[in-house]
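Take 1 as the starting number for the sequence shown in full-length UniProt numbering and just add one per residue.
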Amino acid sequence: MLVAFLIVILGLTPSLLSLWVMRQADARSQARLRLAMESVANRPLAGLRLPPDFHYVEGIGYMIGDLSCRFNARSGHIRCAVNPCGPCEGCSHYQELPIRELANNQQN
């Protein structure tokens, strides 16, 4: 009877030990997660800094680049088809839109 009891105890020992180690690891990870969340909550957010050539157009959203240029992509991601990375200042391909086209683009 004593031998059977020892066999059962020896058989259950690894699983009980594993359960104890898993609970300890879970408690440590929960504590680290809590510390990380508290440190992020106490940190101020960096301000949203838009490039100076971002323009907000009502009904469309933010667009980048010189809106009076013929080659402007009218997009928030690229400036134009000729010089997508910019800058617009001093671009040799700049062509001003006629006033009629500029008014049509702003209405659409």
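From the three backbone atoms N, C-alpha and C, an ideal C-beta is built for every residue, glycine too. None of these values were measured; they are calculated from a predicted model.
Could you tell me whether the Cβ atoms of residue i and residue j are closer together than 9 Å?
i	j	result
H77	I60	no
R74	E96	no
D53	G90	no
For residue i, does the count of other Cβ atoms within 10 angstroms reach 16, so buried, or fall short, so exposed?
i	result
C88	buried
N42	exposed
D66	buried
R23	exposed
R34	exposed
R79	buried
Pull the bridge partners of residue i from the DSSP assignment, please.
i	result
G90	Paired residue(s): none; G90 is not in a bridge.
I64	F54
N72	C80
E96	C69
Does residue i come within less than 9 Å of chain C when only Cβ atoms are used?
i	result
P84	Among the chains in the structure shown there is no chain C, since it carries only a single protein chain.
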